[in-house]
Every structure is written in structure tokens, then in C-alpha cells.
Amino acid sequence: MGLRKVADVTIYRHDDYYASFPSVICRPDGRLVLAFRRAPERRMRAGGCVTHADPNSWLMQVMSDDNALTWCAEPNTIFIHPRAGNQDPCLAQLSDGTLLCSTFAWELMCDGVEELGITGAPKRPNGWFMANLGTCVVRSDDGGLSWTGPYYIDPIPGGQESFPGVPNRGACRGGMVELDDGTVLLPVYGGPTSDGTSWSWLYASCDAGKTWQYRSRIAADAAVDMHEPHLHLTPSGRIVCLIRTANMDGYLAVCDSDDGGKKFSKWQASTVWGHPFTTATVADGRVVVAYGYRREPYGIRCRLTDPELSDLDDTPEVVLRDDGGNSDLGYPWAVRMADDRVLVVYYMNSEDGTRYIAGSILEVD
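Set out below in C-alpha cells:
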């Protein structure tokens with residue numbers, strides 16, 4: 550009994566754009582709504598390069614009504630920040646049908662910030678100085694046809710300003726969960742100071758995503774960065790958090806909470822290598838855990854665990870893709886579709902070509 554890949558699909562590709570960091574949900578009527586970040590393909594111009602942080606990146610969406618076989622040709626806009634580039638749209642669907650999409654934004658700063666000694670706008674590999682404006686959420690009450698917001702989270706308690714006058718609201722890449730009482734939990738990450746490691750934090754909303762209050766610290770370590778936390782709610786009510794690490798050879802860190810996220814266990818190192826992580830519960834209650842594989846052979850991998858994710862380290866690894874052109878790929882997001890198959894979406898490249906959104910359709914045996 551396990552996973553079987555039945556097809557790979559190309560979801561969105563355009564030579565003018567660098568498409569990346571997708572997430573996807575399945576509506577009650579079976580419609581798939583997929584969000585992604587779209588930035589200019591700056592390598593079209595002399596001196597251009599791939600930009601993981603871009604001041605002109607937008608949050609876009611496409612939809613499918615046939616279980617991921619075909620997608621609308623032209624994407625629609627979810628959100629455009631008026632002065633910065635949006636990053637990592639993370640979709641969630643609440644029990645009442647409301648859609649939430651968390652994101653953060655990079656603002657392009659003047660070169661003079663370096664001379665002023667401001668540390669909150671680090672120099673990117675392409676020479677740009679970028680400041681993180683922090684995590685916010687946009688909402689849709691009509692299945693993604695229109696969006697309202699942004700609704701910003703409260704600043705990280707005691708956190709150093711990201712930039713003078715800009716509160717530290719961290720960054721986000723990972724799934725939210727909704728508790729039985731309607732509380733929505735949002736994981737974020739970021740250092741309380743600019744010269745230490747990145748920590749993972751938890752925020753809560755009791756009004757379907759309109760306001761967000763700090764709830765707890767998920768994981769912190771003086772030597773290991775705790776990036777891009779993803780939440781999964783198990784049948785027992787336990788919240789399992791899967792965390793991408795740095796300074797730990799790329800292995801997964803795991804912690805959990807049995808009290809609605811008020812307190813998390815001490816994080817533990819896993820034997821699973823990859824990042825970042827996503828989960829989807831299948832029809833029989835087991836869980837698909839997918840992750841990018843950003844070393845040769847580059848691609849996407851996954852595992853099928855028990856409902857509580859307690860056997861994650863011991864389950865066989867399934868290779869979904871091993872044909873990537875380099876390590877600039879991945880960021881998968883998994884969802885159970887209306888036909889009970891699983892769709893894992895991600896961004897991909899071949900031979901260092903234009904980055905595009907693709908997916909793999911899985912059947913569970």
C-alpha cells in the first residue's frame with residue numbers, strides 16, 4: 550500500500566515571467582484554486598539574474614475544474630503591494646468556505662542604507678538592498694474571485710524593527726490550520742534580531758483572518774535556523790510543525806503541540822532531507838508529506854505517513870520528479886482533490902530555463 554504517480558502536468562508557464570512558490574486548495578465543488586508568485590524573468594535583459602526577492606512580484610492565481618488536467622490560460626491577480634514585491638502566497642480554506650492567503654513583501658531600498666549601517670535591508674546577490682515589510686493576510690469570501698486586505702499580523706514580541714519604522718512581522722511559507730473553535734493558526738519565521746538565527750513563531754486569529762495576535766514561539770535555537778514552518782492538524786488534535794532548517798545539513802526539524810499551539814515541544818531532528826514541507830490528508834486518513842529535493846538529482850519527493858505523522862522517518866521515500874535543471878525548484882504544496890487523488894504542485898525548471906508551475910497527480914493504493 551503506497552503512492553503511485555499517474556501524471557505530471559504543466560500548470561502555468563510564460564517565458565516573460567519567473568513563476569514560483571505555489572499553494573493550492575480544493576473548493577467544496579471540486580474547483581482547484583492555485584496561488585503563485587510571478588516576477589519578471591529578469592534574465593531577458595542584459596545583466597539580469599534569477600530573483601528570489603523581487604520588488605515587482607505579484608500574487609497570482611489560476612483555477613482548474615477538471616481535477617488538475619487543465620487550467621485557465623491567463624492568471625488573475627490576488628494582491629499587488631503598492632510599494633513592494635509579494636512573496637510566497639500560502640492558501641488556506643476555512644470551514645465556512647473563506648479563503649485566506651498569507652504573504653510577505655520585499656521593498657527595494659536605496660543604496661544609501663549600507664552607508665547608514667542599517668542591517669534590516671541586506672544586500673541581495675544581485676546587488677539590490679531589500680527590506681522585509683512583514684507577514685500579512687488577504688481574504689476572499691467568494692472562492693477567490695475577489696480579495697480584501699491586507700490584514701497584518703502583530704509584530705513579533707520584542708523583535709528588532711525590520712527597518713526603521715517597519716515593525717518586525719517575520720515571513721511566511723507554510724500551511725495554516727483551523728481549530729474546532731474556529732481559531733486559525735498561522736506560522737511565521739524570522740529572527741528577533743538581525744544578527745542571530747531565525748526562529749519560528751505562531752499567530753492566531755479569532756475572526757477568520759482579519760486580526761492576528763501572537764500566540765507562542767514554535768522553535769528556536771542559537772545555532773540552527775528555523776525557517777518556513779508548516780502546520781498539520783492530526784485527528785487527535787495534535788498540531789505537528791514541520792520546519793525547514795539551515796546550519797543542520799538540510800534535515801527536517803519537527804515539534805508538536807497538544808494545547809492548540811499555546812506551547813510546543815522541544816524540536817527534534819528528523820532523518821528526512823529536503824525543504825520546505827507540505828502535507829495533505831488522503832481518504833483513509835493517512836498523510837502525504839512532500840518536499841523539495843534541492844540536491845542532485847534535483848526534484849520533488851514525498852512520503853505516506855500514518856494519520857499522526859508518527860512514522861515519518863520510517864516510511865519509504867517516493868520520487869515524484871528527478872529531472873530538475875538545478876536547485877532552484879520545489880516549494881511543493883499538496884491537496885486532496887475531489888476524486889480522492891492527491892495533487893502536489895511546485896515550481897520547476899529544466900536546464901536552468903524559465904521557472905514554471907507544475908504538478909504531479911498521485912493515486913493512493
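Going by our numbering, the sequence shown opens with residue 550, and the numbers climb by one from there.
For glycine and all other residues, C-beta sits at the position ideal for the given N, C-alpha and C.
Classification of residue i by the beta-carbon crowding that lies within 10 angstroms, buried from 16 upward
| i | result |
| --- | --- |
| residue 762 | exposed |
| residue 618 | exposed |
| residue 598 | exposed |
| residue 733 | buried |
| residue 790 | buried |
| residue 796 | exposed |
| residue 609 | buried |
| residue 593 | exposed |
| residue 596 | exposed |
| residue 914 | exposed |
| residue 876 | exposed |
| residue 834 | exposed |
| residue 685 | buried |
| residue 600 | buried |
| residue 851 | buried |
| residue 573 | buried |
Rounded Cβ spacing between residue i and residue j (contact assumed at less than 8 Å)
| i | j | result |
| --- | --- | --- |
| residue 841 | residue 880 | 6 Å |
| residue 657 | residue 677 | 6 Å |
| residue 641 | residue 725 | 4 Å |
| residue 858 | residue 781 | 7 Å |
| residue 871 | residue 899 | Going by Cβ atoms, the distance from residue 871 to residue 899 rounds to 12 Å, so no, they are not a contact pair. |
| residue 741 | residue 751 | About 14 Å; that fails the 8 Å criterion. |
| residue 759 | residue 700 | 5 Å |
| residue 627 | residue 687 | 6 Å |
| residue 655 | residue 604 | 6 Å |
| residue 764 | residue 753 | 4 Å |
| residue 624 | residue 896 | Contact doesn't hold; Cβ gap of about 14 Å is too wide. |
| residue 679 | residue 602 | 5 Å |
CB of residue i within 8 Å of CB of residue j, strictly
| i | j | result |
| --- | --- | --- |
| residue 644 | residue 777 | no |
| residue 681 | residue 651 | no |
| residue 862 | residue 821 | yes |
| residue 567 | residue 590 | yes |
| residue 911 | residue 893 | yes |
| residue 774 | residue 787 | no |
| residue 653 | residue 683 | yes |
| residue 575 | residue 581 | yes |
| residue 669 | residue 743 | yes |
| residue 607 | residue 587 | yes |
| residue 792 | residue 768 | yes |
| residue 819 | residue 802 | yes |
| residue 843 | residue 569 | no |
| residue 874 | residue 848 | no |
| residue 713 | residue 646 | no |
| residue 856 | residue 783 | yes |
Three-state secondary structure assigned by DSSP to residue i
| i | result |
| --- | --- |
| residue 710 | coil |
| residue 611 | strand |
| residue 863 | helix |
| residue 593 | helix |
| residue 663 | helix |
| residue 684 | coil |
| residue 851 | strand |
| residue 575 | strand |
| residue 839 | strand |
| residue 806 | strand |
| residue 647 | coil |
| residue 746 | coil |
| residue 622 | coil |
| residue 570 | strand |
| residue 741 | coil |
| residue 875 | coil |
| residue 606 | coil |
| residue 764 | strand |
| residue 674 | coil |
| residue 886 | coil |
| residue 824 | coil |
Residue-chain proximity (residue i, chain C), Cβ-Cβ < 8 Å
| i | result |
| --- | --- |
| residue 653 | Among the chains in the structure shown there is no chain C, since it carries only a single protein chain. |
Cβ-heavy atom distance, residue i to the ligand MG, below 7 Å
| i | result |
| --- | --- |
| residue 823 | The ligand MG is absent from the structure shown, which contains no ligands of any kind. |
- Cβ pair count under 8 Å reaching 3, the stretch 687-704 against the stretch 659-679: no
- Task: State whether the stretch 802-821 contacts the stretch 875-891, with contact taken as three or more CB pairs (one from each stretch) at a distance under 8 Å.
- Result: no
- Could you tell me whether the stretch 804-811 touches the stretch 866-880, using the rule of 3 or more Cβ pairs below 8 Å? no
- Query: For the stretch 626-645 against the stretch 705-724, are there 3 or more C-beta pairs whose distance is under 8 Å?
  - Reply: yes
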